[in-house]
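Asker: Input: one structure, supplied below.
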Amino acid sequence: MSLYAERDGEKKSPVVSKCDLELNTSHEGSQEPVAAMVIPSINSSDQTFPDGGYKAWMTVLGGWLSFIAGIGVLTGFSVFQSYYSTVVLSGYSADDIAWIASLQTWGCFFFGMWAGRLSDRYGPKIPMAFGSFFMILGTMTASVSTKYYQFILSQGLCSALGIGFAFTPALAIQSQWFLKRRGFVVGLVMSGQNVGGVIWAILVDQFVNYHGISFGWTLRTIGFLQLALMVAAVLLIQPRFPHDMPREPIKTKTFFTDKRTLLFTLATFIMYLGIYMPYIYIALYGYQYGSSARGAFYLASILNAGGFFGCYALGIVADAGLGFFDSLIVTTFASAVVAFAWIGARTPAGVIVWTVVYGVLSGALQAIFSPCVSLLAPSPEVIGTWNGASSLEVVHHQSSESVPLEAPLPEHKRSLSNHHRPTPAKMLVFLTGAPGFIGRATIKELLDHGHEVLGLARSDASADTISKLGAQVHRGDLEDLESLKSGAEKADGVIHLAFIHDFSDYAKAAAVDRAAIEAMADAIAGTGKPLVIASGTMLGVKGQLATEDSEPERGTPFAMRQESADLVVKLSKEKGIRGSIVRLPPTVHGKDDKGLIPRFIDVARQTSSVSIVGDGSNRWCAVHRQDAAVLFRLALEKGASGGSYHAVAEQGVPMKEIANIVGQKLQAPVESKTVEEAMKTLGFLALVFGADNPASSEKTQRELGWDPTGSGQPKLLADIEAHYFP
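Under the working numbering, think of the first position of the sequence shown as 1107, with each following residue one higher.
And the structure:
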């Protein structure tokens, strides 16, 4: 009986008929394959598989290196998903970003068919060199990409073209060199993808999160390493058959008419559905169920490590006697059972155990595919074409299974960059500045959305205010660092609103603020918990529209507060927390305001005149305190690590319009003064009232879904008229 059966009504050609796997019948009637296959070659001396030798093992090494460089980036994509969600593409959903990996997976299998055909015709080196160029081009262009469509084109499609032309020839060529050890060798080559998944994930994490290297240069480093790996791979891989020998034309259509191949294709289509989803989402799942920050991040590496052992372990078992198809059936059944067990993995230990087991089984499933296809091929010389054509069945489901199949994922899916832990639906929030103007609104906002609040109180009156609002009380103040640490340790997240508004010694107040931030960050270090601090939009940049990405003008009084924001970004990287900054306008308005506008009005009452600096054309951005409270909650729940957000509802209200309303209400003249003259009555605040501070919140609204214009809160001028004069 021949494994390569005759096609219906078709006489086997001499080329195909010589490619039968010989079967010996034992005295007990069983059939066992022997390690010899007649090879369709013009050179009659080359009639058996080498199953070893220098060229064969160098080909294995070359294939392994190519899988590290290519598919390894795909299996380690969770770290890219993390960074894109947090920084570059933070305005897009996790589903949108997952399309990059999905297209990469789809493309590498789709292009694999043509690569396999070229490999059989011209040898593996040409398609692999072609693929190497586009693989590295995709990585390098991704390093300078900033838009979603650019990542789709570079890392999604260009890299997919490269990987597809590199991996299929590197895998298929192994079956031309090996028969008895085919399962082991193919598994060993494919284990390169798991080694790559571990290497690239750790490299990105260490470069970006711990060593301050830009993401662009991190990707370029990966590109240069891919170049070195692929050059070595192309040089090491050797074709077994000469490609100038006469041969029959390769008839790819035979693949689509062979009943056994079609049944195998249908079976594997069902079997491989969803196999890569854990490779993209496992770290998020671990965070949801209590894994530590670093432990959850490295779940992707654990998954790939398990896949490494699975890749070659099943090959050894199959070679030893179980057989490729029987091994595939057993592993498929076992992986199905483990996949259902994912639902029950709801503790850190359980998630780790599940990850290891699934990694072993998923690695085995991927590695056993190619040896099975090789046995279905009519000739060893067309194994590349058959592997590539078989990949077409993967194309349709690979493009969907990596994207929004998120049933087991937490409701709040966030990035893992800088150890970002998804926010629980209900949090205990430690809130400094709780009894203040913005703090009271923030307490109400948090409580209304299901959170609990632990408010810092430095006096009995403050404690009473916090308690009446329905929050818990924590006694202490900004200079009591131990009390701050204690409060932060108890909480699931921190919002820091308090600041000593002593304009006579602003430098000291800023220093106290930084010490408080560092103390609270120490208390939650390594947990991935959120720490949101309040800062200001007054960056000292004159006459320009300040955005979330604007850098402050260093050396100005306004920049002192920015040092606290810089500290948060630094601590986020060093201490494994999710720190973010909310910049408040100089005018956070609303009923019971005791900030700058009331002080401006008080000075006007005392002097019987309203002072403006210059002609009063300088602008102040503004926000209602309730809208600001909403933004603090959103930043707590889903702010990016190191992200800056603007609590700006109105980009710029001219100071003269504010002064005119005050003058009308007090029946006092509006007087234009120089800064020096204004300082005689306003003191240090003359610099504030004379500042031109227009600011935008477009990025904030897009990334966090904040909508101050649709909240129904009054604008600044209307609010002053309605609530600032008895």
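Where a beta carbon is used, it is the ideal one built from N, C-alpha and C, also for glycine.
Nothing here was measured: the structure is a model prediction, and the numbers come from that model.
Who are the near neighbours of V1337 in its chain, counting only those whose CB is closer than 8 Å to its CB and skipping five residues on each side?
Answerer: S1238, listed in sequence order.
Asker: Between which two residues does the beta strand (DSSP E) holding A1569 run?
Answerer: Where A1569 is concerned, there is no enclosing beta strand (DSSP E), although the alpha helix (DSSP H) it sits in stretches over 1566–1574.
Asker: Does the beta-carbon distance from I1408 to S1468 come in below 7 Å?
Answerer: no
Asker: G1159 and I1269 - do their beta-carbons sit closer together than 7 Å?
Answerer: no
Asker: To the nearest angstrom, how far is it from the Cα of A1741 to the Cα of K1596?
Answerer: 20 Å
Asker: So, using beta-carbon positions, are V1716 and V1754 closer together than 7 Å?
Answerer: no
Asker: Below 7 Å between beta carbons: does that hold for A1734 and I1606?
Answerer: no
Asker: Out of Q1332, S1802, R1326, G1218, which one is the CA nearest neighbour of L1651?
Answerer: S1802
Asker: Whole angstroms are fine: how far does the CA of A1204 sit from the CA of E1512?
Answerer: Low per-residue confidence applies at E1512: pLDDT is 40, beneath 50, and the placement is therefore not dependable, though the value from the model is reported in the following sentence. Spanning the two alpha carbons is a distance of roughly 11 Å.
Asker: Please list, in chain order, all residues of the same chain as G1792 whose beta carbon is under 6 Å from its beta carbon, the five residues on each side excluded.
Answerer: The displayed chain sequence assigns Ala, not Gly, to residue 1792. Correct list, in chain order: V1781, A1784, M1785.
Asker: With distances taken from CA atoms, which of G1322, C1417, I1305, D1619 is nearest Y1404?
Answerer: I1305
Asker: Which full runs of the alpha helix (DSSP H) of 4+ residues lie inside the segment 1261–1297, going along the chain?
Answerer: Secondary structure within the segment 1261–1297: the alpha helix (DSSP H) runs of 4 or more consecutive residues, fully enclosed, are 1265–1278, 1280–1283 (chain order).
Asker: So, with DSSP's three-state summary, where would you put H1607?
Answerer: coil
Asker: Comparing C-alpha positions only, which one of G1818, S1778, R1808, D1825 sits nearest to L1195?
Answerer: R1808
Asker: Straight-line CA distance for V1719 to K1779?
Answerer: 5 Å
Asker: Measure the Cβ-Cβ separation of P1233 and F1271 and say whether it is below 7 Å.
Answerer: yes
Asker: Is it the case that the Cβ atoms of S1641 and R1689 are separated by a distance below 7 Å?
Answerer: yes
Asker: If the criterion is Cβ atoms closer than 7 Å, does the pair G1293 and C1214 meet it?
Answerer: no
Asker: Roughly how many angstroms lie between the CA atoms of V1535 and V1314, to the nearest whole one?
Answerer: 29 Å
Asker: Three-state secondary structure (DSSP) at A1597?
Answerer: coil
Asker: L1603 and H1580 - do their beta-carbons sit closer together than 7 Å?
Answerer: No, they are not a contact pair.
Asker: Check N1724 in the structure and name its three-state DSSP category.
Answerer: coil
Asker: Indicate the three-state DSSP secondary structure (helix, strand or coil) for L1195 in the structure shown.
Answerer: coil
Asker: In angstroms with no decimal places, state the Cα-to-Cα distance between G1429 and T1438.
Answerer: 14 Å
Asker: For a test of your reading of the model: does the CB of S1172 fall under 6 Å from any non-hydrogen atom of the ligand SAM? Yes or no.
Answerer: Questions concerning the ligand SAM fall outside what the structure shown contains, since it holds no ligand whatsoever.
Asker: Quick check: the Cα distance between Q1757 and R1731, rounded to an integer number of angstroms?
Answerer: 15 Å
Asker: Could you check whether P1691 and T1653 sit closer than 7 Å to each other, using their CB atoms as the reference points?
Answerer: It is not a contact, given that the beta carbons lie outside the stated cut-off.
Asker: Does DSSP classify Y1830 as helix, strand or coil?
Answerer: coil
Asker: When burial is assigned at 16 or more other CB atoms within 10 Å of the CB, is I1376 buried or exposed?
Answerer: exposed
Asker: What's the gap between the Cα of V1291 and the Cα of W1323?
Answerer: Distance between the alpha carbons of V1291 and W1323: 35 Å.
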